[in-house]
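A.B. asks: Once you've had a glance at the structure underneath, I'll fire off some questions.
Number of protein chains: 6
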Amino acid sequence: MKKLKELVLDETFEMFVLLKNADVRMAKNGKKFIAFTFQDTSGTIDGKFWDASEEEIKKFSAGRVVLLGGKREAYQGAPQIKILNMRLATETEPDSPSLYMEKAPISREEMEAEFSSAIFEITNANWNRIVRHLFSQYQQQFFEFPAAKRNHHAFAGGLAYHTLSMLRIAKSLTDFYPEINKALLYAGIILHDLGKVIELTGPISTEYTLAGNLLGHLVIVDEEITKTCQTLKIDDRSEDVLILKHLVLSHHGLLEYGSPVRPQILEAEILHQLDNMDASIQMMLGALRSINPGERTERIFGMDNRNFYLPHFND
Amino acid sequence: MKKLKELVLDETFEMFVLLKNADVRMAKNGKKFIAFTFQDTSGTIDGKFWDASEEEIKKFSAGRVVLLGGKREAYQGAPQIKILNMRLATETEPDSPSLYMEKAPISREEMEAEFSSAIFEITNANWNRIVRHLFSQYQQQFFEFPAAKRNHHAFAGGLAYHTLSMLRIAKSLTDFYPEINKALLYAGIILHDLGKVIELTGPISTEYTLAGNLLGHLVIVDEEITKTCQTLKIDDRSEDVLILKHLVLSHHGLLEYGSPVRPQILEAEILHQLDNMDASIQMMLGALRSINPGERTERIFGMDNRNFYLPHFND
Amino acid sequence: MKKLKELVLDETFEMFVLLKNADVRMAKNGKKFIAFTFQDTSGTIDGKFWDASEEEIKKFSAGRVVLLGGKREAYQGAPQIKILNMRLATETEPDSPSLYMEKAPISREEMEAEFSSAIFEITNANWNRIVRHLFSQYQQQFFEFPAAKRNHHAFAGGLAYHTLSMLRIAKSLTDFYPEINKALLYAGIILHDLGKVIELTGPISTEYTLAGNLLGHLVIVDEEITKTCQTLKIDDRSEDVLILKHLVLSHHGLLEYGSPVRPQILEAEILHQLDNMDASIQMMLGALRSINPGERTERIFGMDNRNFYLPHFND
Amino acid sequence: MKKLKELVLDETFEMFVLLKNADVRMAKNGKKFIAFTFQDTSGTIDGKFWDASEEEIKKFSAGRVVLLGGKREAYQGAPQIKILNMRLATETEPDSPSLYMEKAPISREEMEAEFSSAIFEITNANWNRIVRHLFSQYQQQFFEFPAAKRNHHAFAGGLAYHTLSMLRIAKSLTDFYPEINKALLYAGIILHDLGKVIELTGPISTEYTLAGNLLGHLVIVDEEITKTCQTLKIDDRSEDVLILKHLVLSHHGLLEYGSPVRPQILEAEILHQLDNMDASIQMMLGALRSINPGERTERIFGMDNRNFYLPHFND
Amino acid sequence: MKKLKELVLDETFEMFVLLKNADVRMAKNGKKFIAFTFQDTSGTIDGKFWDASEEEIKKFSAGRVVLLGGKREAYQGAPQIKILNMRLATETEPDSPSLYMEKAPISREEMEAEFSSAIFEITNANWNRIVRHLFSQYQQQFFEFPAAKRNHHAFAGGLAYHTLSMLRIAKSLTDFYPEINKALLYAGIILHDLGKVIELTGPISTEYTLAGNLLGHLVIVDEEITKTCQTLKIDDRSEDVLILKHLVLSHHGLLEYGSPVRPQILEAEILHQLDNMDASIQMMLGALRSINPGERTERIFGMDNRNFYLPHFND
Amino acid sequence: MKKLKELVLDETFEMFVLLKNADVRMAKNGKKFIAFTFQDTSGTIDGKFWDASEEEIKKFSAGRVVLLGGKREAYQGAPQIKILNMRLATETEPDSPSLYMEKAPISREEMEAEFSSAIFEITNANWNRIVRHLFSQYQQQFFEFPAAKRNHHAFAGGLAYHTLSMLRIAKSLTDFYPEINKALLYAGIILHDLGKVIELTGPISTEYTLAGNLLGHLVIVDEEITKTCQTLKIDDRSEDVLILKHLVLSHHGLLEYGSPVRPQILEAEILHQLDNMDASIQMMLGALRSINPGERTERIFGMDNRNFYLPHFND
């Protein structure tokens, strides 16, 4: 059976999908409608449900699985679903949300194994103990959360997958440039976005928490390292702890992007650039997968609102 | 006897002064010189000591008191001292550095009393306990440190005095605008710059510490609140703790100025503006005190490099 | 009876309100509608009147009082009224617009008294004569006009009230910092926004006049001072007149905000910051009054489009 | 005899020149020196007079004519004079400053004639009366002042010459584009920089006046128009007066460049662009005249600090 | 018979017009509509065709002439047509698109003559040969293309007309300033926008080509000069060729506007400013022609989104 | 024997070095001096030669080898040489400049082999032919030139080495992300900076050529591809050629950095980021190699003028 992202323009269909988001809004004419984001393992498409009754609003909430009949159309360049009919999946049908969530392209087990060997290479005792402590404390959410509310790696497990991709490129870099401190770079990469498990609410209907809004995930990790040091009796004013914190705090690269300090250490600058590169590639690939050669993607907010052209050479 | 700042152009003098800074540099001709900042209670003036021998460099180090014979000149609009002769003060002379340091215009005792009553008005239990704990932990340095390496309130006790001035204006504001939460604003003001006692090295030859460079004083206070909560068993994810941290983290107002988040709470925005206003007034007053009506101050770095005109109406 | 701002979500009501604005626009379907701003003394809420006939457009014009039946809904986070029925108020009903206008929180008489004593403290003869002359010339409009077309203090009397708030904070500042020239600061505050009585059309359906658009209120006040000097035979090139003009011209602080010169006098910089602070507080308070603890305000244009969070501590 | 600008690198000379500027500064070694700008009708070159005595400082002041013996060298790409000997010109020698001032390339009489016919074409009565009144009031200075303290047209008569060049290009434009209101554009051009006769101190040792610093020449002209209207009993709130003022106030084009309003009228935008174009051409030509084909000019501050290349095609 | 731009608000009409653009979009309700731009020789007005069938979409495509019955209304300040009825023009009716296209105000023959004499004045042999070669190669499109997709000179022949206007002003400038190399400036002007015949698709339904998007018209002309040199055996690294290329590449003035280098030659800077000035005047005149005295134009994207006021003095 | 970069502070020495740069300047006192950059295979250090005679200036020109006696000092944080004595190397001494040039860390042969196999992987015929043609045409200079005048990879062979590093990281990336078109990315990387062999004068006394200044290396490569297509009869308007050119033109990422277009293709964006990352790492490593743990590097112009801290963990 076809997946959401495989539908072509004007194709009609009926399939089970997950309601990833279900925002109730009011139309200009005063009636309510639901702005859905439908999801299956191939990705997400939006669709609007007009003139929604209070009952329908209650029934079709985020996180439910539905049998959706619709037509794949386009609105201002982006694909969208025209809803023809829709009902909740029953118990005898495939109604478990986890069946429809986009997943990282490799399994959790493989990822865990790669993280294990990466942590093994963190040879500085303080860094190793801090990383192990926090990694095991937040492991559950780390492998379930997306890397961002939207934009890049916005799928279940995206946070772990993004972190892993960075570790892989970092490995190549440290092979070419032996002056780079591999232990530090690995420790920094593993912790840099870990605060997102506190900044965001989770993989479905992802929102910012109050702590996320008021502190941001950079400071949140800094606090977690501080508490870990107190617990493990590590001096949090020693140079190696200060440097690890600095990698986390400076990884957005510029003050304008929310880092309270700019990178002042070789590995901090590299961490920032790796983060940037991996996020960019994911955002571009995500948008390019939805179009055909000769077309342009929709504008990508996280890429300065640029759109990208897909050449014919992949035919 | 005349003070440093009372000297007029081309006046010669002999007086005891403190060596606030003593930076050794190399002239274009390859010889070393010492760039001194001389200080007494009236303020500071720079002066260069040419062709310094290794022995002189060792002898005339920052923090020593000297008997200085010189002439008050000007260099590119700023006052400077031409050094005619100079020797260390002896034990029988007034050789204690504290005699020459610029001080806050009111006494430490008065300041302590005002802080006490301000803390008394912090009626929220969590905020009150956190503020009391940190205030007593760092009280010693808080009353000795300057508020900045240079720019505003750069004198011993300047940190406490700047904080106090802000509390005073805050009091007026909360009188006019009763919607402002006075307890929160007071707690935020008292803690906002407390991290400077860790960010800076102290009142003499003030430099940034490694923690100051790599974390910045905003994040340092945030960490201190985190540790205090762990010690006092306060939930550091409760709304009132998050908000207090937010006031500290956002008080630079803009991301470009090093706040990882912009103010999102009424009192956070007000704290930022009060900080700005008090610092500005101090910088302008400091520069205006050195000139005569009809003249312009030197350019003030912290005021976008503007200079200011002193009108004749004060005559 | 309930006021506009006291209505809760989905509450239906019938009440008399003033039509503060009534902009006729065309919908995408080619039919006309009226975008109303309804007002009573508690504030304003928008509402759209669909498919308006030419007769209705003529009848429901800005400045009229209507009996409005409606429902309080929300559109994109901001409160709005769904209009159920609406008719003009009759002569036997409370149909005077002044009954529904938001007002400054203190009476005109009290404000006048405070202005009188403030002007009394302007001890420089030139400044005093100029201020008295312009204040009495434009007194009527000064106490009726809003401080801005929208954003801060956008209510009848808002201009006088904003000016008065600034005078109050200025009083505290000059108490702490006796170096500030109180006479100059008071004169500058009273005149700084007086040009708005020429820049804007008035308290209802407020628009910019041609002079407002082509010159702006800063230059308008400058011209008024120039004319006053010619009338009162004061030398408009004397230092004290130049300085007073400078305070007015520079009070937006930055060239980008429309000041032809940046502040170059202590009191000019302070005036700019006081203006900023009072306007900010009013904008935030205005937005916070419409929401409940735990919610966020709508985005405030004048505050760099930020929204603000209302904590639970006020419960 | 050779002129200053005709000297080649390393050429020694003796000639009478005017001291255009004579700034006394202190060298790093504490001795005073005079930074001269020498001038004759070909242009200006800088030169430093080391170890100046108090008597020499008094004698060699700006505005005096000297017999200068020196060598034409270069310092950081810019030509400069090494002073070999120097004495004041005597009464029997050509000691009148006016003999050495750079002048506009056409005579004052020719310029006056062109202005007369331009004013004749200002057919709107209000604009014509205002222009005539102010032009005759400031005529003397208008033909003597430079157009700027430095940068473009910084020579005696430069203000009138710059204004005239703009009128000439404006004439061509109004020929091609008859929709442009020629009377308005001419009136705006003639008045746009007239305030510089109040903003600056004059053609020698040009500095900003207090009014120049605190108000700026845009607002100064606006005030002069206001006073003229009061004197001539013209309504200064009539549309044509508002528009004329708008042309003057907006002629810097951007708020960042000191215009309190941006151009909102066709002729205001054109005036701004003509001003820009003529000033740019003059700055570039001035710098290019000092170099040979294949070389680059010094960096020009008023052209975003760019330097320009002189090709060989002019050989 | 009335033209499109002569219709007044609310006037109904029936007339033949060209469909300049016909973009098919989807409304929020899921139905398709066509966003038309209607055109006759007086200009263009937009109008929406709701609920378009597939047949209508095919029939009413860009480039067809239709008999349009409609009403002239306004939408958000801009004129628009409400479509009442519409059918294709038949063979017996005036159905040739060229009858309805806006044209340059002077004839192609006159323009060709002026270009001929301008090219005659390009006295440098290399420049002359390059210009002649490219001008004759692309002559056909050069006289048919618009100067831009929208904004300035967006009509058939606009590219040639814009180029010609610049040549005219350049002629005046070179008369006043004989230091300007007329041959170079003329050559640069003629070539500067020639790449638009490759960057854009043509005068109807103007879009960017793939080369236009990926290279831009500046680099396209640079490539064309390179190829011409290879064909004509001119050394493309000689100074005069480098300079001509530089004029083309730098004519947007700033890197931010897409020039890979900023102007470094007198004539390059002047070319940039002339381009700017002529484009600005055309944009303003185009917008001002649609409104009455006392009104403001719609916001003009190419003029930093400003709108302009039309005074009454033209009555 | 010790190398230049191995000298410690205040160490005296005598060694053969190459004069990489020898700029003659004039001191404030009017005497000439030579600002040398001394070089051996360990790197470069600056040193000033005071009071240089004309004969010495002629003798000690860039590109000569000298026997230098000196002392390693420091000036404003950067190492510098105090010259004690200096003479030209004789024929019997090691006087070949190539003995002293900093070189890429791997041999030319190894690099050539890696380039060969990379070109082999460019499977698109057009790209392969273009790359082969240009690579063989400019091979000689490509392996000798630096990658920049200063900043990153500023050593002989730096251009080839920088390009090779990028190919290596690109290889890892294409392994992880198979959607990336490896042939295109390799072709783009090899050509992206090839224009520097025309933009710069060579490995010694590196300056910009006229073509470099007026066109820039991005446009230069674009022209070279254009000429290659004409020579090899490849259609330069085909999609694959347009895309290859686009990769070159857009590789500075932002218009402000001199790209006439921003990246619009996945591989173009990746090329830009790889370029950035490799250049950054080289600049940081270069600066960090000159300092000890606990110190800060000098400010690095190409890294937004930041300096970097070297932690103690490498001890």
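So the protein sequences, as listed, match chains A, B, C, D, E and F.
The first sequence begins at 1 in UniProt numbering and counts up by one.
The second sequence begins at 1 in UniProt numbering and counts up by one.
The third sequence begins at 1 in UniProt numbering and counts up by one.
The fourth sequence begins at 1 in UniProt numbering and counts up by one.
The fifth sequence begins at 1 in UniProt numbering and counts up by one.
The sixth sequence begins at 1 in UniProt numbering and counts up by one.
All C-beta atoms in this analysis are idealised placements derived from N, C-alpha and C, irrespective of residue type, glycine included.
1) Can you tell which of R25/E, L285/E, E55/E, K196/E has the C-alpha that lies nearest to the C-alpha of F143/E?
2) Which first and last residues belong to the alpha helix (DSSP H) in which V248/F is found?
3) Who are the neighbours of N213/B on chain A, taking C-beta pairs under 8 angstroms?
4) Since I believe L173/D is in contact with I189/D (beta carbons under 8 angstroms), could you give me their beta-carbon distance rounded to a whole number of angstroms?
5) With K103/E and T201/E assumed to form a contact (beta carbons below 8 angstroms), what rounded beta-carbon distance in angstroms separates them?
6) Which complete alpha helix (DSSP H) runs does the UniProt domain "HD" (162-280) of chain E hold, if anything under 4 residues is left out?
7) Using the beta-carbon of each residue, which ones in chain B are nearer than 8 angstroms to R168/C?
8) In whole angstroms, what is the alpha-carbon distance linking Y177/C and L191/A?
9) Is I291/A helix, strand or coil when you go by DSSP?
10) Would you list the one or two residues that DSSP bridges to L18/A?
11) Check whether chain E comes within 7 angstroms of D315/D, counting only Cβ atoms and requiring the distance to be less than that.
12) Quick check on the DSSP output: the alpha helix (DSSP H) that includes L7/D runs from which residue to which?
13) Using the beta-carbon count (16 or more within 10 Å), is D315/E buried or exposed?
14) Closest Cβ-Cβ distance between Y138/C and chain A: below 7 angstroms?
15) Which residue or residues does DSSP assign as beta-bridge partners of P79/A?
16) Whole angstroms are fine: how far does the CA of V261/E sit from the CA of D10/D?
17) Within this structure, are the beta carbons of L67/C and F16/C separated by less than 7 angstroms?
18) With 8 angstroms as the limit, tell me which residues of the stretch 54-80 of chain F have their beta carbon closer than that to any beta carbon of chain B; keep them in chain order.
19) Would you give the residue range spanned by the alpha helix (DSSP H) that E54/F belongs to?
20) Between L159/A, F155/A, N128/A, which lies nearest to Q139/A when the distance is taken from Cα to Cα?
21) Given a cut-off of 7 angstroms on the beta-carbon distance, is the pair T37/A and K20/A in contact?
22) Residues in the stretch 217-234 of chain A with C-beta within 8 angstroms of chain B's C-beta atoms, listed in sequence order?
23) Nearest to K2/E by alpha carbon, out of F49/E, R72/E, G63/E?
24) For N124/A, name the three-state secondary structure that DSSP assigns.
25) What separation, rounded to the nearest whole angstrom, lies between the Cα atoms of E55/F and T163/F?
26) Do the CB positions of M277/F and H152/F come within less than 7 angstroms of each other?
27) Between G258/B and chain A, is there a C-beta pair that is closer than 7 angstroms?
28) Which residues in the same chain have their Cβ closer than 7 angstroms to the Cβ of L254/E, if we skip the five residues on either side of it in sequence?
29) Can you tell me where the alpha helix (DSSP H) holding F143/A begins and where it ends?
30) Indicate whether at least one CB of chain A lies closer than 7 angstroms to the CB of L88/B.
31) Assuming contact is defined by CB atoms lying nearer than 7 angstroms, are E295/B and A78/B in contact in what I supplied?
C.D. replies: Reading it off the structure:
1) In terms of Cα proximity to F143/E, the closest of R25/E, L285/E, E55/E, K196/E is K196/E.
2) In the DSSP assignment, V248/F falls within the alpha helix (DSSP H) that extends over 239-249.
3) Result: V261, Q264.
4) I189/D to L173/D, Cβ: 11 angstroms. No contact.
5) Separation of the CB atoms of K103/E and T201/E is rounded to 19 angstroms, and the pair is thereby denied contact status at 8 angstroms.
6) Complete alpha helix (DSSP H) runs here, min 4: 182-192, 196-199, 210-214, 217-232, 239-249.
7) The contacting residues are S172, F176.
8) Cα to Cα, the separation comes out at about 48 angstroms.
9) For I291/A, the secondary structure class from DSSP, reduced to helix, strand or coil, is coil.
10) Residue pairing by DSSP places L18/A opposite Q39/A, V65/A in a beta bridge.
11) Note that D315/D scores 45 on pLDDT, short of 50, meaning its location in the model is unreliable; the coordinates nonetheless yield the value given after this. False, the Cβ-Cβ gap to chain E never drops below 7 angstroms.
12) In the DSSP assignment, L7/D falls outside any alpha helix (DSSP H), carrying neither H nor E.
13) Bear in mind that the predicted position of D315/E carries a pLDDT of just 45, short of 50, making it unreliable; the figure below should be weighed with that in mind. Exposed, since its Cβ has fewer than 16 Cβ neighbours within 10 Å.
14) No, Y138/C does not count as interfacial toward chain A.
15) Looking at the DSSP assignment, P79/A forms a beta bridge with A74/A.
16) About 35 angstroms.
17) Their beta carbons are under 7 angstroms apart, which means L67/C touches F16/C by this criterion.
18) Identification of residues in the stretch 54-80 of chain F having a C-beta nearer than 8 angstroms to some C-beta of chain B yields E73, A74, Y75, Q76, given in sequence order.
19) Under the DSSP assignment, E54/F falls in the alpha helix (DSSP H) whose first and last residues are 54-59.
20) The shortest C-alpha separation from Q139/A is found at L159/A.
21) In contact: T37/A and K20/A (Cβ atoms closer than 7 angstroms).
22) For the stretch 217-234 of chain A, the residues whose beta carbon sits under 8 angstroms from a beta carbon of chain B are, in order, L218, V219, D222, E223, T226, K227, Q230.
23) Of the candidates F49/E, R72/E, G63/E, the one whose C-alpha sits nearest the C-alpha of K2/E is R72/E.
24) The DSSP-derived three-state label of N124/A is coil.
25) Rounded to whole angstroms, E55/F to T163/F spans 42 angstroms at the Cα level.
26) Against a cut-off of 7 angstroms, the Cβ pair of H152/F and M277/F comes out as no contact.
27) Output row for G258/B: interface = yes.
28) Here the set comprises R262.
29) Judged by DSSP secondary structure, F143/A falls outside any alpha helix (DSSP H); it is assigned neither H nor E.
30) No, no contact with chain A.
31) No; because the gap between Cβ atoms is not below 7 angstroms, this pair is not in contact.
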